[in-house]
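For the sequence shown, the residue numbers in this note's numbering are 63 to 974.
Read the structure below first, then the notes.
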Amino acid sequence: MDSGRAATAPDPGHIGVFNAPVTIFGSALAAQPAPVRVVRTLRADVATFTGRADQVRTITEAIGDAGGGVVAIHAIDGMPGVGKTALAVHVAHQLVDRYPDGQLFVDLHAHTIDHTPADPADVLAGLLMATGLSPDHIPDGLQDRAARWRDQAFGRRMLLVLDNAATGDQVAPLLPGSGSCMVLVTSRRRLTSLRRSYGATLLPLGVLPEPDAVELFSRVCPRRLHVNEHPAVVDVVRLCGRLPLAIAILAAGIDPDHADPVGELADELTAAQDRLVNIDERLDDRDIGVASAFTLSYQRLTADQQRVLRLISLTPGADVDTFAAAALTDLPLAVVRRHLRNLHSHRLLEHSTGQHRYRLHDLIIAYARAQATPAEQDEAVSRLVDHYQHVAYVAAARIRLRSSPARRTVVPATSSPVPDLPDPARATTWLRTERANLLACIAHARQQQDHTRTVSLAVSLAPLLGLDGPWPEAIEQLNHILATCRDLGDLHTEAWAVAELGVLRRMIGEFPQATDVQEQALAKFRELDNQVGEAWSLAELGVLRRFLEELPQATDLQEQALAKFRNLGNQHGEAWSLAELGVLRRMIGEFPQATDLQEQALAKFRELDNQVGEAWSLAELGVLRREVGDYAQAAALMEQALTLSRNLGNGMDEAYILTMRGVLYKLAGDYTQAATLLEQSMTISRELGDRNREAWTCGELGLVRMTTGDYTQAAALMEQALTTFRDLGSGLGQAWLYADLGVLRRMTGDYAAAATLLEQSLATFRGLPNNYGQAFALANLGVLRRIAGDYIRAATLLDEALTAFQDSGDRKREVEILNYKGDLLRASGEPGQAYTWHDQALRLARDLGQPLDEARALAGIGRCTLATGVAAGLGDLQHALAIFQRLGAAEAPELEAELEAELETITDASRR
Numbered sequence: 063m064d065s066g067r068a069a070t071a072p073d074p075g076h077i078g079v080f081n082a083p084v085t086i087f088g089s090a091l092a093a094q095p096a097p098v099r100v101v102r103t104l105r106a107d108v109a110t111f112t113g114r115a116d117q118v119r120t121i122t123e124a125i126g127d128a129g130g131g132v133v134a135i136h137a138i139d140g141m142p143g144v145g146k147t148a149l150a151v152h153v154a155h156q157l158v159d160r161y162p163d164g165q166l167f168v169d170l171h172a173h174t175i176d177h178t179p180a181d182p183a184d185v186l187a188g189l190l191m192a193t194g195l196s197p198d199h200i201p202d203g204l205q206d207r208a209a210r211w212r213d214q215a216f217g218r219r220m221l222l223v224l225d226n227a228a229t230g231d232q233v234a235p236l237l238p239g240s241g242s243c244m245v246l247v248t249s250r251r252r253l254t255s256l257r258r259s260y261g262a263t264l265l266p267l268g269v270l271p272e273p274d275a276v277e278l279f280s281r282v283c284p285r286r287l288h289v290n291e292h293p294a295v296v297d298v299v300r301l302c303g304r305l306p307l308a309i310a311i312l313a314a315g316i317d318p319d320h321a322d323p324v325g326e327l328a329d330e331l332t333a334a335q336d337r338l339v340n341i342d343e344r345l346d347d348r349d350i351g352v353a354s355a356f357t358l359s360y361q362r363l364t365a366d367q368q369r370v371l372r373l374i375s376l377t378p379g380a381d382v383d384t385f386a387a388a389a390l391t392d393l394p395l396a397v398v399r400r401h402l403r404n405l406h407s408h409r410l411l412e413h414s415t416g417q418h419r420y421r422l423h424d425l426i427i428a429y430a431r432a433q434a435t436p437a438e439q440d441e442a443v444s445r446l447v448d449h450y451q452h453v454a455y456v457a458a459a460r461i462r463l464r465s466s467p468a469r470r471t472v473v474p475a476t477s478s479p480v481p482d483l484p485d486p487a488r489a490t491t492w493l494r495t496e497r498a499n500l501l502a503c504i505a506h507a508r509q510q511q512d513h514t515r516t517v518s519l520a521v522s523l524a525p526l527l528g529l530d531g532p533w534p535e536a537i538e539q540l541n542h543i544l545a546t547c548r549d550l551g552d553l554h555t556e557a558w559a560v561a562e563l564g565v566l567r568r569m570i571g572e573f574p575q576a577t578d579v580q581e582q583a584l585a586k587f588r589e590l591d592n593q594v595g596e597a598w599s600l601a602e603l604g605v606l607r608r609f610l611e612e613l614p615q616a617t618d619l620q621e622q623a624l625a626k627f628r629n630l631g632n633q634h635g636e637a638w639s640l641a642e643l644g645v646l647r648r649m650i651g652e653f654p655q656a657t658d659l660q661e662q663a664l665a666k667f668r669e670l671d672n673q674v675g676e677a678w679s680l681a682e683l684g685v686l687r688r689e690v691g692d693y694a695q696a697a698a699l700m701e702q703a704l705t706l707s708r709n710l711g712n713g714m715d716e717a718y719i720l721t722m723r724g725v726l727y728k729l730a731g732d733y734t735q736a737a738t739l740l741e742q743s744m745t746i747s748r749e750l751g752d753r754n755r756e757a758w759t760c761g762e763l764g765l766v767r768m769t770t771g772d773y774t775q776a777a778a779l780m781e782q783a784l785t786t787f788r789d790l791g792s793g794l795g796q797a798w799l800y801a802d803l804g805v806l807r808r809m810t811g812d813y814a815a816a817a818t819l820l821e822q823s824l825a826t827f828r829g830l831p832n833n834y835g836q837a838f839a840l841a842n843l844g845v846l847r848r849i850a851g852d853y854i855r856a857a858t859l860l861d862e863a864l865t866a867f868q869d870s871g872d873r874k875r876e877v878e879i880l881n882y883k884g885d886l887l888r889a890s891g892e893p894g895q896a897y898t899w900h901d902q903a904l905r906l907a908r909d910l911g912q913p914l915d916e917a918r919a920l921a922g923i924g925r926c927t928l929a930t931g932v933a934a935g936l937g938d939l940q941h942a943l944a945i946f947q948r949l950g951a952a953e954a955p956e957l958e959a960e961l962e963a964e965l966e967t968i969t970d971a972s973r974r
C-alpha cells in the first residue's frame, strides 16, 4: 500500500534494527570474530501497494550500473504522506534475493512524534552491533564508527533502507563504502548533497495519478466496490488531492456493512469545513493522521518559513510566482525567493508550470490556512489583490485589440515589486499565465462584495478573454461587470462594458444581438460625450453590418468612424477603419481600391507598432494577391501574418490566416496540405467559440473534399456549414454554401437539385447585394444550361460572369470561365473556337500556378484537337490525366476512361 510512512505507528527507539532479532556479520576489525549471519530487519511489505511502476523500475534496473565499486544510492523525497517509505520497503522486498547478506531498515526519525532526529553516531552503534560487533568493541566518535561500519559492510551484498532522513549530513556517515551494497533513503527534503558528493539518484515522489489513486482506494477498502460507485471513488481521491496517506485512511474506514458509504463519504468531504479533520477523525487513536504528519514538517521550519507557508496558502488562485509571493508576504524578492526554495526543499511547495512558480497540495493549503490568524489572512490577501490589480492594468494597456474604447478604472498603488512588461508580447504572456489566478481573485473580490476591485480586475482581464476565449466565459465576466457598474453608478465603465459585450456577441456569431448591444453602447457614449467610445462603436457597427452583408451601411459607418478618429487624432482607430474599408472593397470585387486602403492601414499599424493590426493587414493583402492570382506573393504575406499572430498568441487571427492559407494551397493543387491547414483552423475556432469562422472553414474543407472526389464527406461538411450559417443568420454564408452545394450536386449528376441550389444562391447574392457572388452563381448556372443543351442561355450567363470577374481583376475565376466557354463551344459543334478559349485558359492557369485549371484546359484542348480528327490530341489528354492523378483530383478516373476509349477507337480504325 503506497499510503505513506505516517500511517504506521513509529518504532520505539531510534534504530529500526533494534526491533528485530539481532543477527550478526563477521568483522575483520573485531577483536573476537563472530560467526557470519544474515541480518533481515525490513518492515513487512504491504499487499495493497499500488502504482509507482516507473520508480520501481528505475531502482531495480540500476543494480550493477554504478560500477567501479561505487555504492548505489537512491534518495526518495516527497511531501508528507506521499508514500516514500512504502515505496522503499516494497522495492527492498523485491531485491531480497539480490542482497543475500542482509537487508536492514533504519528509522532516522526526522519527523516522528516525541523523537528528535537520530544521531548518526548512535545509529552506527546499532548497525555495528546488529552486524555482530560486541558493544565493547564499538569505537568512540562518529568518524571511527563510520569507518568501522564501512569495514563491516565491505564485500557484503547488503541492502540498507534509511527511512525518514533529516539531512544529507545525517545520512552520509551511514553509507557503506562497498559497491556491492545498495542504499535506499527516504526524506521529506531533497537531499542534493547526496547527489553532489556521492552521485545518488534523486527520486522525487508526487501524488498518485488518478487511476492509481482509485485503484489504491479499491484495494484498501474492506469490501468489494460496485461499478456504480466508481464516480464517487473518483470524487473522494480528488478531494484527497490523490495523497496516498489520506486515501488509505478514508478507504480503510469504510463500513463494509453500509449500503452506500462511498457516496456519502464524497458528500461529507465536499461539505466539510475542515477536510483534514474529516479525514483524520476516521483513524484509531494510536495512528498518525494527515494533519499530524503535516505538523511534524511544520514544526521543523523556522518561524519565518512558517509565516511564508501560511501566507502563500492564502492565495485564491492555484499557484504563485515570486512577485505574488512577495506581495502576500510583504517581503523583498530576494528574501521570498530564498524562503520558497527552502519550502520546496522541505517538499511543502511544488513547482508549478515554471521554475519560479509554486503551488501547494490542497491538503497542505487547508493545514497552513488553519495556522494563519484572521488579521494575517486579510492583510495578505489585500496586498495580493492590489498587486494583481496593478499589474493586470499595466498588462491590459499594452494589448491593443480591434476595438478598445476609452475606459476608466481605479489603478491602486502597490508596495510590492512588479514584473517588467514593456511590450504586448510579454504583457499577453503575463495575462495568459495569470489568467486562472486573476479569475480566482475576481471571484474572491465579488464574494467579499468588493465592487471596485471586482470591476478593475475584470476590466483588465477582458482583453485577454477577447483574444483567447472561450468567448461565452468572457461574456459571463462582462455581464458581472455590467451588474456591478450599475450598482456603483459607474456610467463610463458601464458604457465600455456594453461595447465590449457587443464585440463578443459578434465573435460568437450572434450578429443581430450584437448590433442591438452595440447600438446601446453608442447611445451611452453619446450621452457621456465620450467621442472616442462613440468612434469605436461606429467602427464596430460597421464590422457588424459587414457580417450582416449590409455593405453600403457598413461602408457609411466605417467612413463616419474614420472621420471621427482623424478629428480626435486617434491613429489606432484610423488604421483599423482603413483596414475595414479595405475589406469592404475586397468583398465587392474592387481589388485595386482595397489594396490601396489596406496598404495605408499597414503603414499606420507599423508606425504605431500595432502588431495585431499589422498581422491583420498583411493577411488581407495576402488574400487580395490571391484573388488576382499572385500566389507567390499571397503566400509570403500570409506567412508573415501567421508568424506575427502566433508570436502574439492571437488565436482568432491565426485561425483566419490558416483558413486563407488553406484556400491558397487548394488553388495551388496541394489538397493534403490545404485540408491540414483548414482542420487546424477549425480546431482553434471551435476552442474559441468562433462559430462563424468555423463555418466558413468547414465549407472550404468541403470544397477540398469535393475536388478530390470524396463527395459524401464534402456534402456532410457543406451541410454542417450551411446549418451554422442559418443559425447565425448569415445571408452571405448561406449564399456561398447554396452555390457550393449546387456545384457538388452537378458533379454527382443531380442537375435538378443543382439548379435549385444555384438559383437560391443567385437570389441571395442579389438581395445582399454581392456582385462577386452573383457572378459565381451565374457562371455555374451557365454550365448547367450547357449540360441541358441550352447553349444560347449558357453563353449569355457565362459572358455576364466573365465580364464581372475581368472587371474585378479576379484572374483565377477568369480561368474557370474561359474553360467553361471552351466546353460550351465544343459542345455546340465549334471545336476550333473552343480550342482558342481553352488555350487562353491554359496560358493564364500556368501564369497563375493553378494546376487544376491547367489540367482542365489541356483536357479541353485535347478534346478539341481530337474532334478535328487530329490524333495529337491524345498527348494533351495524357498530360492532363497525369496532372489530375498527381493532384488526386476527382476528374482523373473519368478522363482515364475517356482516354482508353479514344485509344481503342483509334486502334480499331487502324486495323480496318
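Just so you know, even glycine gets a beta-carbon here, dropped at the ideal spot from N, CA and C.
* Asked: Does the beta-carbon of residue 320 have 16 or more other beta-carbons within 10 angstroms, so that it is buried, or is it exposed?
  -> Counting the other Cβ atoms within 10 Å of the Cβ of residue 320 gives fewer than 16, which makes it exposed.
* **Residue burial classification, residue 389 (beta-carbon count within 10 angstroms, cutoff 16)** => Its Cβ being crowded by 16 or more others within 10 Å, residue 389 is buried.
* **Straight-line Cα distance separating residue 747 from residue 930** => Whole-angstrom Cα-Cα distance: 53 Å.
* Asked: If we count the other Cβ atoms within 10 Å of its Cβ and call it buried at 16 or more, is residue 119 buried or exposed?
  -> Result: exposed.
* To do: Report all residues from its chain with a CB closer than 7 Å to the CB of residue 399; omit the five preceding and five following residues, and keep chain order.
  => Within the same chain, residue 399 has close Cβ partners 384.
* Asked: In this structure, does DSSP put residue 422 in helix, strand or coil?
  -> Looking at residue 422 - three-state DSSP - the assignment turns out to be coil, as it is neither helix nor strand.
* Asked: For residue 165, which three-state DSSP category applies?
  -> Correct three-state label for residue 165: strand.
* Asked: Is the stretch 529-543 touching the stretch 559-575, taking contact as three or more C-beta pairs under 8 Å?
  -> Taking one beta carbon from each stretch, the stretch 529-543 and the stretch 559-575 have 3 or more pairs nearer than 8 Å; the two touch.
* **Integer-rounded CB distance, given that residue 380 should sit under 8 Å from residue 290** => At roughly 31 Å, the Cβ-Cβ gap does not stay under 8 Å, so residue 290 and residue 380 are not in contact.
* Asked: Short check: CB of residue 846 to CB of residue 889, under 8 Å?
  -> No, Cβ-Cβ distance for residue 846 and residue 889 is not below 8 Å.
* **Sequence-distant residues of the same chain with beta carbon closer than 6 Å to residue 203, five excluded per side** => Cβ neighbours of residue 203 beyond the five flanking positions: none.
* Determine the direct distance from the alpha carbon of residue 781 to that of residue 965, and round the result to whole angstroms. => Distance between the alpha carbons of residue 965 and residue 781: 41 Å.
* To do: State whether the stretch 630-639 contacts the stretch 667-679, with contact taken as three or more CB pairs (one from each stretch) at a distance under 8 Å.
  => The stretch 630-639 vs the stretch 667-679: in contact.
* Local Cβ density within 10 Å of residue 309, reported as buried at 16 or more and exposed below that -> The residue is buried, with at least 16 neighbouring Cβ atoms inside 10 Å.
* Asked: For residue 433, which option in 360, 452 and 382 has the closest C-alpha, if you only look at C-alpha atoms?
  -> Here the closest residue by C-alpha is 360.
* Simplified DSSP state of residue 412, which is helix, strand or coil -> Correct three-state label for residue 412: strand.
* Would the stretch 594-611 and the stretch 547-562 be scored as touching if the rule is three or more Cβ pairs under 8 Å? -> With a cut-off of 8 Å, the stretch 547-562 and the stretch 594-611 count as touching, because enough Cβ pairs lie within range.
* Have a look at 253, 336, 164 and 324 and flag the residue whose alpha-carbon is nearest the alpha-carbon of residue 282. => Nearest C-alpha to residue 282: 324.
* Asked: With 16 as the cutoff for other CB atoms within 10 Å, does residue 226 come out buried or exposed?
  -> So residue 226 ends up on the buried side.
* Asked: Residues in its own chain within less than 6 Å of residue 742 by CB, not counting five upstream and five downstream?
  -> 720, listed in sequence order.
* **Selection from 949, 951 and 957 that minimises the alpha carbon distance to residue 938** => Ranking 949, 951 and 957 by Cα distance to residue 938 puts 957 first.
* **For residue 259, the three-state DSSP class (helix, strand or coil)** => Note: residue 259 maps to helix in three-state DSSP.
* **Distance CB(residue 687)-CB(residue 706) smaller than 8 Å** => No, they are not a contact pair.
* Asked: Hey, out of 511, 848 and 867, whose CA is closest to residue 856's CA?
  -> When each option's Cα is compared against that of residue 856, the closest is 848.
* To do: Drop a sphere of 10 angstroms on the beta-carbon of residue 292, count the other beta-carbons inside from all chains shown, and report buried for 16 or more, exposed for fewer.
  => Flag for residue 292 reads exposed.
* Asked: Mapping DSSP to helix, strand and coil, what is residue 121?
  -> Note: residue 121 maps to helix in three-state DSSP.
* Asked: Mind checking whether residue 113 and residue 346 have CB atoms under 8 Å apart?
  -> No, they are not a contact pair.
* Closer than 8 Å, CB to CB, is residue 461 near chain B or not? -> Looking for chain B here will not work: only one protein chain is present.
* Asked: Beta carbon of residue 297, beta carbon of residue 328: below 8 Å?
  -> By the CB criterion at 8 Å, residue 297 and residue 328 fall inside the cutoff.
* **Start-to-end residues for the alpha helix (DSSP H) that takes in residue 331** => Taken as a continuous stretch (DSSP letters only), the alpha helix (DSSP H) holding residue 331 covers 323-333.
* Would you report the Cα separation of residue 271 and residue 304, rounded to the nearest angstrom? -> So the alpha carbons of these two residues sit roughly 7 Å apart.
* **Backbone secondary structure at residue 220 - three-state DSSP** => In this structure, residue 220 counts as strand in the three-state DSSP scheme.
* Per DSSP, residue 265 is paired with what? -> According to DSSP, residue 265 shares a beta bridge with 138.
* Start and end residues, beta strand (DSSP E) containing residue 245 -> From DSSP, the beta strand (DSSP E) with residue 245 extends over 244-249.
* To do: Tell me, please, which residues DSSP counts as bridged to residue 102.
  => Answer by DSSP bridge pairing, in chain order: 165.
* Throw me the rounded Cβ distance for the residue 860 and residue 871 pair, which I believe falls under 8 Å. => Rounded, the Cβ-Cβ distance is 18 Å, inconsistent with contact.
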